[in-house]
Amino acid sequence: MVLNKRATAVLAAGVLAFSSVAAIAAESVNFVSWGGSTQDFQKEAWAAPFSKASGITVVQDGPTDYGKLKAMVESGNVQWDVVDVEADFALRAASEGLLEPLDFTTIKRDEIDKRFVTDHGAGSFFFSFVLGYNESKVGGKAPSDWAAMFDTKTYPGKRALYKW
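Written out as structure tokens, the structure reads:
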């Protein structure tokens, strides 16, 4: 059963988002995330406890696919109820009408750090990028900012960046 008949999707916010969906749910919630250990942890940390507490099955799907989400919304055939997306996509998708507003009559917005919640989503986990270096290779002159990452004269050698 697809819960959202308006054919839009919601950003994952852990149990917070599920509590909103639960208010209108009858049997199941279709949740999509990134797969792998990330989704395994999400299932263990809050999808399974939500199912146990509510009796609503959380159907796992993935990986998150922005093109597929947009195509579902545009075709009027949305299969996902809760979607784990990155913050920049959530903001853009909300402005494009791809996400439903969250129901803050069931979600306690004031209990979420205001930096990580919008009308259409809330952060479900946080991460950061760090500047790491090998002390034996920098000769006692540690890089102190991201400009150093690209300063190949002062800091010669290989670089590694996360590939999106």
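All residue numbers for the sequence shown refer to my numbering, where the first residue is 1227 and numbers rise by one.
Ideal Cβ positions, reconstructed from N, Cα and C, are used throughout, including at glycine.
{"Query": "Residue 1364 in three-state terms, based on DSSP", "Result": "helix"}
{"Query": "Contact check, residue 1256 vs residue 1299, beta carbons under 9 Å", "Result": "no"}
{"Query": "Where residue 1347 falls, given that 16 or more other Cβ within 10 Å makes a residue buried", "Result": "buried"}
{"Query": "The region 1320-1340 / the region 1274-1289 touching (three or more Cβ pairs under 8 Å)", "Result": "no"}
{"Query": "Residues near residue 1297 in its chain [Cβ-Cβ closer than 7 Å; skip 5 each side]", "Result": "none"}
{"Query": "Spatially closest choice to residue 1320 from 1295, 1376, 1338, 1336, by CA coordinates", "Result": "1295"}
{"Query": "Status (buried if at least 16 other CB within 10 Å, exposed otherwise) for residue 1350", "Result": "buried"}
{"Query": "Residue 1283 beta carbon near the ligand MN (any heavy atom closer than 8 Å)", "Result": "This structure lacks the ligand MN, and indeed carries no ligand of any kind."}
{"Query": "Pairwise C-alpha distance: residue 1353 and residue 1365", "Result": "29 Å"}
{"Query": "Cα-Cα separation, residue 1270 to residue 1384", "Result": "38 Å"}
{"Query": "Pair within 9 Å by beta-carbon distance, residue 1309 and residue 1259", "Result": "yes"}
{"Query": "DSSP three-state assignment for residue 1375, whether helix, strand or coil", "Result": "helix"}
{"Query": "Counted within 10 angstroms of its Cβ, other Cβ atoms place residue 1313 as buried (16 or more) or exposed", "Result": "exposed"}
{"Query": "Start-to-end residues for the alpha helix (DSSP H) that takes in residue 1264", "Result": "1262-1268"}
{"Query": "Reduced DSSP category for residue 1336 - H, G, I as helix; E, B as strand; rest coil", "Result": "helix"}
{"Query": "Status (buried if at least 16 other CB within 10 Å, exposed otherwise) for residue 1316", "Result": "buried"}
{"Query": "Within 9 Å, strictly: CB atoms of residue 1288 and residue 1265", "Result": "yes"}
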